[in-house]
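Okay, so here's the structure we're looking at.
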Amino acid sequence: NAGVTQTPKFQVLKTGQSMTLQCAQDMNHNSMYWYRQDPGMGLRLIYYSASEGTTDKGEVPNGYNVSRLNKREFSLRLESAAPSQTSVYFCASSTGLAGGYNEQFFGPGTRLTVL
Amino acid sequence: AQSVTQLGSHVSVSEGALVLLRCNYSSSVPPYLFWYVQYPNQGLQLLLKYTTGATLVKGINGFEAEFKKSETSFHLTKPSAHMSDAAEYFCAVIKNSGGYQKVTFGTGTKLQVIP
Chain A
78 NAGVTQTPKF
88 QVLKTGQSMT
98 LQCAQDMNHN
108 SMYWYRQDPG
118 MGLRLIYYSA
128 SEGTTDKGEV
138 PNGYNVSRLN
148 KREFSLRLES
158 AAPSQTSVYF
168 CASSTGLAGG
178 YNEQFFGPGT
188 RLTVL
Chain B
352 AQSVTQLGSH
362 VSVSEGALVL
372 LRCNYSSSVP
382 PYLFWYVQYP
392 NQGLQLLLKY
402 TTGATLVKGI
412 NGFEAEFKKS
422 ETSFHLTKPS
432 AHMSDAAEYF
442 CAVIKNSGGY
452 QKVTFGTGTK
462 LQVIP
């Protein structure tokens, strides 16, 4: 099993350009998440998908859109990139079973620089 | 609102010395508490977790943490540091919220191990 995979690993954009970050998981998980990681700020949730067909805003959704394409795939789109979106982006997934805690499994990250 | 505070963004220890990484939480309900580790250029990996039951929790790579409700703490320890422990460590509190698990991460502590 590959777990959670993300593409691309690195990306440099100019201000105003658009791009889509791809995420896929092969663990048959229901829930998927997008986080951004910035120095000194830990990880902050951008969007999540509790189950296939649903998406909801997290802590910092402005400037982003998401698509839960199917149970495996959850993409993050930047329509008009801004320098403030320079960050490392992590996708994660969990079983999403009700009750208790479901461990989140993380992908390797995408390092995005917006010039 | 729930939150976690990690004291010290950088901690340096000598190889073989005790590792102590501090985490304090605030939560209005009994929390689920976790420690994640992030090795350079990788995603986050679950180190250990406290949900219910025994307050001393053992994790991978010889790490352990003790949940102390009276002190609202969940400090991470390892008796003897190894060079391979150099990484960034994140404390997190998790709460079930409206159908998904809201994860709040601390700002992270980078551990340096000096030979």
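Respectively, the protein sequence lines represent chains A and B. Going letter by letter, the first sequence gives residues 78 to 192 in my numbering. Going letter by letter, the second sequence gives residues 352 to 466 in my numbering. Positions of the beta carbon are idealized from the N, C-alpha and C atoms, including for glycine.
C-beta atoms of Val444/B and Thr455/B nearer than 8 Å | Along the second sequence, one-based indexing puts residue 444/B at 93. Along the second sequence, one-based indexing puts residue 455/B at 104. The beta carbons of Val444/B and Thr455/B sit closer together than 8 Å.
8 Å contact criterion, which Leu372/B and Leu407/B should meet: CB distance rounded = Taking the second sequence and counting its residues from 1, the one referred to as residue 372/B is at position 21. Taking the second sequence and counting its residues from 1, the one referred to as residue 407/B is at position 56. Not really, about 16 Å apart at Cβ, beyond 8 Å.
Which bits of chain A does Gln463/B rub up against, with CB to CB less than 8 Å?
-> For the purposes of this step, residue 463/B is taken as the residue at position 112 of the second sequence. Listed along the chain, the chain A residues whose CB falls inside 8 Å of the CB of Gln463/B amount to none; the nearest CB is some 16 Å away.
Output the distance between the C-alpha atoms of Ser377/B and Leu358/B, rounded to the nearest integer angstrom.
-> The residue labelled residue 377/B in the question sits at position 26 within the second sequence. The residue labelled residue 358/B in the question sits at position 7 within the second sequence. Near 14 Å, if we compare the C-alpha coordinates of Leu358/B and Ser377/B.
Assigned secondary structure, Ser108/A (DSSP; H/G/I helix, E/B strand, else coil) | Position 31 of the first sequence, counting from 1, holds the residue named residue 108/A. Ser108/A sits in a strand when the DSSP states are folded into three classes.
Coarse secondary structure for Gln162/A, derived from DSSP in three states = As a working note, residue 162/A is residue 85 in the first sequence. If DSSP states are grouped into helix, strand and coil, Gln162/A belongs with the helices.
Closest by C-alpha distance to Leu90/A, when choosing among Glu150/A, Ser164/A and Gly173/A = Residue numbering aside, residue 90/A sits at position 13 when the first sequence is read from its first letter. Of the candidates Glu150/A, Ser164/A and Gly173/A, the one whose C-alpha sits nearest the C-alpha of Leu90/A is Ser164/A.
Could you tell me which residues DSSP puts in a beta bridge with Phe182/A?
-> For the purposes of this step, residue 182/A is identified with residue 105 of the first sequence, where counting begins at 1. DSSP lists Ser170/A as partners of Phe182/A.
Reduced DSSP secondary structure (H/G/I, E/B, other) of Met96/A = One-based indexing of the first sequence puts residue 96/A at position 19. Strand.
Figure out for me which residue from Leu462/B, Ala438/B, Pro382/B and Asn412/B has the closest Cα to the Cα of Lys446/B.
-> Counted from its first residue, the second sequence places residue 446/B at position 95. Of the candidates Leu462/B, Ala438/B, Pro382/B and Asn412/B, the one whose C-alpha sits nearest the C-alpha of Lys446/B is Pro382/B.
Does any residue of chain B bring its CB to less than 8 Å from the CB of Leu122/A?
-> Within the first sequence, residue 122/A is the residue found at index 45, counting from 1. Judged by the 8 Å Cβ criterion, Leu122/A is in contact with chain B.
Please classify Lys86/A: does DSSP put it in a helix, a strand, or coil?
-> Position 9 of the first sequence holds residue 86/A. Note: Lys86/A maps to coil in three-state DSSP.
At what residues does the beta strand (DSSP E) containing Tyr390/B begin and finish?
-> Within the second sequence, numbered from 1, the residue matching residue 390/B stands at position 39. Here Tyr390/B belongs to no beta strand (DSSP E), and DSSP marks it neither H nor E.
Are the C-beta atoms of Pro185/A and some chain B residue less than 8 Å apart?
-> The residue given as residue 185/A occupies position 108 in the first sequence. Yes - at least one Cβ of chain B is within 8 Å of the one on Pro185/A.
So is Thr402/B in contact with chain A if we call contact Cβ pairs under 8 Å?
-> For this step, residue 402/B is matched to residue 51 along the second sequence. Answer yes: the Cβ-Cβ gap between Thr402/B and chain A drops below 8 Å somewhere.
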